Amino acid sequence: MLLEEKFLEFHRYASSHNLPLEAISVGDENKVLCEMHYAANAPRNIYSHTKSFTVTAVGLAMEEGKLSLEDHVAEVFKDKLPSNPDPNLEKIQLKHLLCMSSGFGKALLMNADRRPGVGAPDYEKYMMAQPVPVEPGSAFCYSSADSILAAHMVERAVGKRMGEYLYEKVFQPLDMGWPLWEHDPQGHPNGGGGMYLTCTEMMKLGQLY
Numbered sequence: 029m030l031l032e033e034k035f036l037e038f039h040r041y042a043s044s045h046n047l048p049l050e051a052i053s054v055g056d057e058n059k060v061l062c063e064m065h066y067a068a069n070a071p072r073n074i075y076s077h078t079k080s081f082t083v084t085a086v087g088l089a090m091e092e093g094k095l096s097l098e099d100h101v102a103e104v105f106k107d108k109l110p111s112n113p114d115p116n117l118e119k120i121q122l123k124h125l126l127c128m129s130s131g132f133g134k135a136l137l138m139n140a141d142r143r144p145g146v147g148a149p150d151y152e153k154y155m156m157a158q159p160v161p162v163e164p165g166s167a168f169c170y171s172s173a174d175s176i177l178a179a180h181m182v183e184r185a186v187g188k189r190m191g192e193y194l195y196e197k198v199f200q201p202l203d204m205g206w207p208l209w210e211h212d213p214q215g216h217p218n219g220g221g222g223m224y225l226t227c228t229e230m231m232k233l234g235q236l237y
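With my numbering applied, the sequence shown corresponds to residues 29 to 237, in that order.
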């Protein structure tokens, strides 16, 4: 009862202050306890929450023995390396991508280079040609580029697109539909953002953990 009272108290506060809410869902590992929709319960762009699904896919691939935190980016994408790659590029490992300490040195795909990056004819080739001015693992820099590269590593490891892999391993078992997801020109889902889910579906990933 206390949770319901707090939930209603927040609802009244949000309504009286005209907060731009769309949906709220509170639950535990077994069920949804309270839920409120301020608009249609339709799929919405969940932006960087997409990264939670990317790291879930990484964990599943690791559990299957197809990926390791020690895997090197330059080795995985050796077919996309330029003739003279940055020396630090060869030091980047999957663990650095997951911790956003790759060393690319700037928030790639978060600034003016967002469209050229995401929309590049060959994203992997684009990233392998980027400078890496910072020692990998030495500094944090929030960047969707790291998550996108991690997603591409999953695809290469499991031999499937991320959408298909997550549907088989996560979405279907949790009774969720096929994930609506933004893709790059080569058909790769954007591991750093662009997935569309309902609030109820987002709750299911939280319950999984």
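Glycine is no exception: its CB is placed at the ideal position from the N, C-alpha and C atoms.
Just so you know, these numbers come straight off a predicted model, no measurement behind them.
The Cβ atoms of leucine 236 and leucine 177 do not sit closer than 7 Å to each other.
By the neighbour-count definition (other C-beta atoms within 10 Å, threshold 16), tryptophan 209 is a buried residue. The stretch 155-166 and the stretch 122-136 touch, with no fewer than 3 CB-CB distances between them shorter than 8 Å.
Setting aside the 5 residues that flank it on each side, glutamate 57 is surrounded in the same chain by Gln235, each with a C-beta closer than 7 Å to its C-beta; the list follows chain order. Rounded to whole angstroms, the gap between the alpha carbons of valine 83 and lysine 119 is 20 Å. Glycine 220 counts as buried, since no fewer than 16 other beta carbons sit within 10 angstroms of its beta carbon. Remark: C-beta atoms of cysteine 62 and phenylalanine 81 do not approach each other more closely than 7 Å.
Taking the Cα positions, glutamate 91 is about 33 Å away from alanine 51. A distance below 6 Å between beta-carbons, with the five flanking residues on each side excluded, links serine 175 to the following residues of its chain, in chain order: Lys79, Thr82, Gly219, Gly220. DSSP places glycine 55 within a strand segment (E or B) once states are collapsed to three.
In the structure shown, cysteine 227 falls within a helical segment according to DSSP collapsed to helix, strand and coil. At a cut-off of 4 residues, the continuous stretches assigned as alpha helix (DSSP H) that sit fully inside the stretch 95-177 are 101-104, 122-126, 142-146, 151-156.
One alpha carbon belongs to glutamate 103, the other to glutamate 196, and they sit about 27 Å apart. Here alanine 173 is actually not in contact with proline 217; their C-beta atoms are around 15 Å apart, not less than 8 Å.
One Cα belongs to lysine 94, the other to histidine 39, and the distance between them is close to 45 Å.
Annotation: histidine 216 is outside any alpha helix (DSSP H) and is labelled neither H nor E by DSSP.
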